[in-house]
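Engineer: Just dropping this structure here.
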Amino acid sequence: MAAQDGLWYKDAIIYQVHVRAFYDSSGDGNGDFRGLAQKLDYLQELGVNAIWLMPFFPSPLRDDGYDISDYRSVNPTYGSLDDFKAFLNAAHQRGIRVVIEMVLNHTSDQHPWFQESRSSRDNPRRNWYVWSDTDTKYKGTRIIFLDTELSNWAWDPVSKQYYWHRFFSHQPDLNYDDPKVLEEMWDVMRFWLNWGVDGFRLDAVPYLVEREGTNCENLPETHGVIKDLRKRLDKEFPGRMLLAEANQWPSDLLSYFGKGDEFHMAFHFPLMPRMFMGLKLEDRKPITEIMKQTPTIPDICQWCLFLRNHDELTLEMVTDMERDYMYDEYAKEKAYRLNLGIRRRLAPLLDNDRRKIELMNGMLMSLPGTPIIYYGDEIGMGDNVNLGDRNGVRTPMQWNGSWNGGFSDADPEMLYSPLMLNPVYGYQAINVYSQKRFDHSLLSWMKQLIRVRKASSVLSRGSIQFLYPANHRVLAYLRKFGNETVLVVNNLSSKAQAVELDLKDYRGNILTEMFGRNIFPRIGELPYLLTLGPYQFYWFRLRRI
Amino acid sequence: MPETSTLSDDFVRELINVGEVDILVGVPTYNDARTVGQVVQAVRAGLLQYFPRERAVIINADGGSRDGTQDLVRAASISDLSVTPDIHALRTLHSISTHYEGGPASGLALRSILAAADLLQAKACAIVAPDSTTVEPIWIDRLLRPLLRDSRDLVLPVYRRHKFEGLLIRNLVYPMTRAIFKCSAHEPYPTDFAFSGPLGSRFLGQDIWTQDQGLHGTELWIVLSALVERCKITQSFLGVKTRSESAPADLVKAMRESAGVLFASLETNFLAWSDSRDALEAPCTGCETTVSLEHSRLNRKRLHQMFAFGVSELEPVFLSILTPPTHDELKRLARLPEEKFLYPEELWVRTVYEFAAAYHKAVIGRDHIVQALVPLFRGRAFTFLTENRDASAEEVETNIESLCQAFERQRPYLLEAWDGRK
């Protein structure tokens, strides 16, 4: 299905899931590919048309799979390559594409490549990693995992040199100055592309190459690596997609699209915290300001938007003042803070307020970009900060109110992670089964939201024009694609609001509310007056009839 | 515009766009283009620096300026429409302006601001004078913080003024207010002050807006109302207060707005002030000496001449207002040459109290009573200037304190005069 529409990723609604966390078919306490395949009907019913799988490769699991020890296999806990293939085929049969994780920047220190590299300074793979006699090189490079790492260098007692790592010290960085590394990683990618995956989410791409006197981020040489991979991809596997994880300011992100010859998509990291900020401030300013700073990207490219993911809500791309505000408002308890972020799921971040959850998802689905839903957020799952690191947002999917929340038949003690048990977010209160029974559950509402979003390409491919009504609590914009125009009006406030919109360019159009399909008054000469309830939003189709 | 509303439709529309706020800063203006830009910039800087997270709005109530005052206030807005690169603000800051009808009058401006504060449910509201050339961003913190942090009702300013500035306040309004209402508020007639949202709503609900005190001297009236209500009051030291040079002060107008309002308040609130209630605390935050000593030139000679002329010219009026001993003493003073002239504080206090009683009894038209106090005040001002010509800041403060004590000592005299026993 990969070649049918080269721009499929623009219309995608991506569901991010960890195989381990979704469904355990074998009863060993870990989710697996067979389990995931069994739950594809659920995802199809939800309406998503793409899945992003977090790392499922063999790994010591010291960083939840982002420390890979074998790139060409499946972690046996999750099944076999055949299980993966069966899952992939089943997904494709349902019109669901599969994007997998590719960690280019580093491996596990248990990877055979690193074991060889450290074995002696003469080893042919010695140069596959970044070695140094001192720990003083690349001084201008920031440390990302501030809470655990003191340096980007770690001492290797075996070969008696330091090795470079941008993340945990057990994740040595690969050295892309050695052409063999690029060849090998492309070979890995080709391996999975041949199996039929539809794209890659490339992890930690700004850090691929190091150069003295720089901050070792976003370097031209790094872009050279990406361009090379993209060229090979387009040549051998047209229609497949590359998604960049580059937690950078919009201006720095632009270069990752190149001239349409690097990434197809990139996460819009700075927008996400500002959506939360705008909601808490009840002020659209943070959102419109970052969108003003967002550059125009090549036509074939697309932003990827998300509310929450498997990591902390990163606050790297905000000012100090904004970070302090976010901490105080969303993570008053220090336990919720990790590195430069907040380790919480969507529902708890939003006080489990259904109206806020709906509004944020409404914006996610109507701002320009491809939306990603983090598994469990569609039913409002909670988090468990006591599990350490970011494991609190990676607990088992809650399918029903029975044994282990329907996730696994194993003894509860065998689960890879404790289930959520508290009365508010525990599996007996929040689960798929109970929410499927009611038309007004969050799950049912999410299905409807996705259905309406998918009904037209205007929200996935259209341009955006912000309106700036004098009421700053209202975020309003027009999305246009071809002859279609959609008006989106969001009330960021906890109070009802009146707003006057300047729609004189659309005089004579009739508004049709896209969820209920009721018509609203025709646009006339005067500013268009709307009233919105607390956290309410509207999507209107504008039509001249 | 509906007849029952003091707010224009456009202003209401703007208020709808502002929505609920935590802080409202009101700036009443009339042709203040020379200074108001600096003032609103300081207000904005204060809000950004000290209250970056609070929802705030600057509201300008203008009496019909034709010099661009309103545009200068509006320019202080921070929004996503016009991005100012050097300003880092978390949220939108509206700075809006309305032209009120019937002005210019400080009371009408204040009413518009109070109405806006009420509609926007402001938790704290500050009023900042448009001509305060020495306003600093920290004023905003000092005015508003006690309301938001300490749940105070009213924050009054304390300034450092030149020893010869504010003569009417120092010789009449402050000491008399302190003696009668038992509250040591240095600036009972403030131009920069702050109050809580609920107190502002109570001010708005008072039935004064069609009366004199609802037009002029309203700030003094509402402070006196707060004293009567026994509100929680704090004083904040703001530093030097300098106003832009404008037209020469109209002393008759000033007397109406100060003594006239004070006398009217005594009349309205007799039961509240006449009992033997305890003193009302008004602690001062950051208070320093309130007197500065820069060189200043005042025409004392003319004050003396106008006192003597007034005592002579207004004799029939004084016969109605003053007791014979007081009147005789004033006539004696009027005959003294300038170098021997001294209007003693005890006599001044007795004079003022007899005027207040006469106002209560309405022995003649009340406005005439207030106006008649003007020449006598000039005599008292002459004495104040003479006594303090070479005085240090501490000596000036000691002299003011002495006058306050005289007002307090003679409080029973006022009560007797009020009852007609004098």
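Protein chains in written order, with the numbering used here: chain P, 498 to 1042; chain E, 346 to 767. For every residue, glycine included, the Cβ atom is placed at its ideal position computed from N, Cα and C.
Who does Val545 (chain P) pair with in a DSSP beta bridge?
Structural biologist: Residue 545 (chain P) sits at position 48 when you count from the first residue of the first sequence. For Val545 (chain P), which the question treats as bridged, DSSP gives no partner whatsoever.
Engineer: Determine the DSSP secondary structure at Thr574 (chain P), reduced to helix, strand or coil.
Structural biologist: By one-based count along the first sequence, residue 574 (chain P) stands at place 77. It is helical.
Engineer: Applying the 10 Å Cβ sphere with the 16-neighbour rule, what's the burial state of Cys632 (chain E)?
Structural biologist: Your numbering for residue 632 (chain E) matches position 287 in the second sequence. Burial call: exposed.
Engineer: Judging by CA-CA distance, which residue of P:Thr785, P:Met686, P:Leu802 and P:Pro735 is the nearest neighbour of Ala743 (chain P)?
Structural biologist: Mapped onto the first sequence, residue 743 (chain P) falls at position 246. Among P:Thr785, P:Met686, P:Leu802 and P:Pro735, the Cα nearest to that of Ala743 (chain P) belongs to P:Leu802.
Engineer: I want to know whether the segment 959 to 974 of chain P touches the segment 923 to 939 of chain P - three or more CB-CB distances under 8 Å.
Structural biologist: No, the segment 959 to 974 of chain P does not touch the segment 923 to 939 of chain P.
Engineer: Rounded to a whole number of angstroms, what is the C-alpha to C-alpha distance between Val434 (chain E) and Met521 (chain E)?
Structural biologist: Sequence index remark: in the second sequence, residue 434 (chain E) carries index 89 (1-based). Sequence index remark: in the second sequence, residue 521 (chain E) carries index 176 (1-based). According to the sequence displayed, residue 434 (chain E) carries Ala and not Val. Looking at the two C-alpha atoms, the distance is approximately 45 Å.
Engineer: Using only the alpha-carbon positions, how far apart do Glu742 (chain E) and Leu768 (chain P) sit?
Structural biologist: Start at 1 with the first residue of the second sequence, and residue 742 (chain E) comes out as number 397. Start at 1 with the first residue of the first sequence, and residue 768 (chain P) comes out as number 271. Cα to Cα, the separation comes out at about 58 Å.
Engineer: Select from P:Met878, P:Asn919 and P:Leu647 the residue whose C-alpha is nearest the C-alpha of Phe519 (chain P).
Structural biologist: On the first sequence, position 22 is the one that residue 519 (chain P) refers to. If we check each option's Cα against that of Phe519 (chain P), P:Met878 comes out closest.
Engineer: One question on the structure: do Lys724 (chain P) and Asp674 (chain P) come within less than 8 Å of each other, judged by their Cβ atoms?
Structural biologist: In the first sequence, the residue the question calls residue 724 (chain P) occupies position 227. In the first sequence, the residue the question calls residue 674 (chain P) occupies position 177. Cβ distance not < 8 Å, so Lys724 (chain P) and Asp674 (chain P) don't count as in contact.
Engineer: In chain E, which residues lie with their C-beta within 9 Å of the C-beta of Arg781 (chain P)?
Structural biologist: Counting from one through the first sequence, the residue named residue 781 (chain P) turns up at place 284. Result: Asp425 and Thr437.
Engineer: Using 8 Å as the threshold, is the C-beta distance between Leu1039 (chain P) and Asn1006 (chain P) below it?
Structural biologist: Counting from 1 along the first sequence, the entry for residue 1039 (chain P) is found at position 542. Counting from 1 along the first sequence, the entry for residue 1006 (chain P) is found at position 509. Their beta carbons are under 8 Å apart, which means Leu1039 (chain P) touches Asn1006 (chain P) by this criterion.
Engineer: Can you give me, in chain order, the residues of the segment 961 to 977 of chain P that have a beta carbon less than 7 Å from any beta carbon in chain E?
Structural biologist: From the segment 961 to 977 of chain P, only Tyr965, Ala967, Asn968, His969 and Arg970 have a Cβ closer than 7 Å to chain E.
Engineer: Looking at the unbroken alpha helix (DSSP H) that takes in Leu730 (chain P), where does it start and where does it end?
Structural biologist: For the purposes of this step, residue 730 (chain P) is taken as the residue at position 233 of the first sequence. From DSSP, the alpha helix (DSSP H) with Leu730 (chain P) extends over Pro717 to Glu733.
Engineer: For a contact defined as C-beta to C-beta under 7 Å, what are the partners of Glu786 (chain E) on chain P?
Structural biologist: Residue 786 (chain E) is absent from the model: chain E starts at 346 and stops at 767.
Engineer: Closest to Trp1046 (chain P) by CA distance: which of P:Met857, P:Met917, P:Phe611 and P:Arg891 is it?
Structural biologist: Chain P is shown from 498 up to 1042; residue 1046 (chain P) falls before or after that span and cannot be answered.
Engineer: For Pro397 (chain E), return the contacting residues in chain P, with the cut-off set at a CB-CB distance below 7 Å.
Structural biologist: Taking the second sequence and counting its residues from 1, the one referred to as residue 397 (chain E) is at position 52. In chain order: Met818.
Engineer: First and last residue of the alpha helix (DSSP H) that includes Lys853 (chain P)?
Structural biologist: By one-based count along the first sequence, residue 853 (chain P) stands at place 356. Element bounds for Lys853 (chain P): Arg851 to Ser863.
Engineer: For Glu746 (chain E), count neighbouring C-beta atoms within 10 Å of its own C-beta (all shown protein chains included) and say buried if the count is 16 or more, exposed if not.
Structural biologist: For the purposes of this step, residue 746 (chain E) is taken as the residue at position 401 of the second sequence. It counts as exposed.
Engineer: Give me whichever residues DSSP pairs with Glu813 (chain P) in a beta bridge.
Structural biologist: Residue numbering aside, residue 813 (chain P) sits at position 316 when the first sequence is read from its first letter. DSSP, once it has assigned bridges, lists no residue as partnering Glu813 (chain P).
Engineer: Could you spell out where the alpha helix (DSSP H) holding Ile714 (chain E) opens and where it closes?
Structural biologist: Position 369 of the second sequence, counting from 1, holds the residue named residue 714 (chain E). Taken as a continuous stretch (DSSP letters only), the alpha helix (DSSP H) holding Ile714 (chain E) covers Arg711 to Glu732.
Engineer: In the structure shown, what three-state DSSP assignment does Ile784 (chain P) receive?
Structural biologist: Taking the first sequence and counting its residues from 1, the one referred to as residue 784 (chain P) is at position 287. In this structure, Ile784 (chain P) counts as helix in the three-state DSSP scheme.
Engineer: Which residue or residues does DSSP assign as beta-bridge partners of Trp800 (chain P)?
Structural biologist: Taking the first residue of the first sequence as 1, we reach residue 800 (chain P) at position 303. DSSP, once it has assigned bridges, lists P:Ala763 as partnering Trp800 (chain P).
Engineer: Helix, strand or coil: how does DSSP classify Asp564 (chain P) here?
Structural biologist: On the first sequence, position 67 is the one that residue 564 (chain P) refers to. Asp564 (chain P): coil per DSSP, three-state reduction.
Engineer: Can you have a look at Asn1015 (chain P) and say buried or exposed, based on whether 16 or more other CB atoms are within 10 angstroms of its CB?
Structural biologist: If you number the first sequence from 1, residue 1015 (chain P) lands on position 518. It is exposed - the Cβ of Asn1015 (chain P) has fewer than 16 other Cβ atoms within 10 Å.
Engineer: Here's the rule: buried if 16 or more other CB atoms are within 10 angstroms of the residue's CB, otherwise exposed. What is Lys853 (chain P)?
Structural biologist: Stepping through the first sequence from its first residue, residue 853 (chain P) is reached at position 356. Counting Cβ neighbours within 10 Å, Lys853 (chain P) comes out buried, since at least 16 surround it.
Engineer: Rounded to the nearest angstrom, what separates Asp712 (chain E) and Glu819 (chain P) at their Cα positions?
Structural biologist: Within the second sequence, numbered from 1, the residue matching residue 712 (chain E) stands at position 367. Within the first sequence, numbered from 1, the residue matching residue 819 (chain P) stands at position 322. Going by the C-alpha atoms only, they are around 57 Å apart.
Engineer: Would you grab the beta carbon distance between Tyr698 (chain E) and Gly724 (chain E) for me? Rounded to a whole angstrom, and I think it's under 8 Å.
Structural biologist: If you number the second sequence from 1, residue 698 (chain E) lands on position 353. If you number the second sequence from 1, residue 724 (chain E) lands on position 379. Not confirmed; about 16 Å, so no contact.
Engineer: The beta strand (DSSP E) with Cys599 (chain P) in it runs from where to where?
Structural biologist: One-based indexing of the first sequence puts residue 599 (chain P) at position 102. In the sequence as presented, Cys is not what sits at residue 599 (chain P); that position holds Met. Its beta strand (DSSP E) spans residues Arg594 to Val600.
Engineer: Looking at chain E, is there any beta carbon in it that lies within less than 8 Å of the beta carbon of Tyr822 (chain P)?
Structural biologist: As a working mapping, residue 822 (chain P) is identified with position 325 in the first sequence. It does: the Cβ of Tyr822 (chain P) has a partner Cβ on chain E nearer than 8 Å.
Engineer: Within 10 angstroms of the Cβ of Phe453 (chain P), are there 16 or more other Cβ atoms? Answer buried if so, exposed if not.
Structural biologist: The question about residue 453 (chain P) has no answer here: the residues shown for chain P are numbered 498 through 1042.
Engineer: Please go through the same chain and pick out, in chain order, the residues whose beta-carbon is closer than 7 Å to the beta-carbon of Ala500 (chain P), but skip the five residues on each side of it.
Structural biologist: As a working note, residue 500 (chain P) is residue 3 in the first sequence. Here Ala500 (chain P) scores only 49 on pLDDT, less than 50, and its place in the model is too uncertain to base an answer on.
Engineer: Quick one: which residues of the segment 749 to 777 of chain P get their C-beta closer than 7 Å to a C-beta of chain E? List them in chain order.
Structural biologist: Residues: none.
Engineer: Please report the straight-line C-alpha distance between Val516 (chain P) and Gly637 (chain P), rounded to a whole angstrom.
Structural biologist: Counting from 1 along the first sequence, the entry for residue 516 (chain P) is found at position 19. Counting from 1 along the first sequence, the entry for residue 637 (chain P) is found at position 140. Taking the straight line joining both Cα atoms gives about 37 Å.
Engineer: Within 10 angstroms of the Cβ of Asn644 (chain E), are there 16 or more other Cβ atoms? Answer buried if so, exposed if not.
Structural biologist: Translated into positions along the second sequence, residue 644 (chain E) becomes position 299. That one is exposed.
Engineer: Check whether the segment 838 to 846 of chain P touches the segment 871 to 885 of chain P, counting contact only when three or more Cβ pairs, one atom from each stretch, lie closer than 8 Å.
Structural biologist: Yes, the segment 838 to 846 of chain P touches the segment 871 to 885 of chain P.
Engineer: If you count every other CB in all the chains shown that lies within 10 Å of the CB of Gln945 (chain P), and 16 or more means buried, which is it?
Structural biologist: Residue numbering aside, residue 945 (chain P) sits at position 448 when the first sequence is read from its first letter. It counts as exposed.
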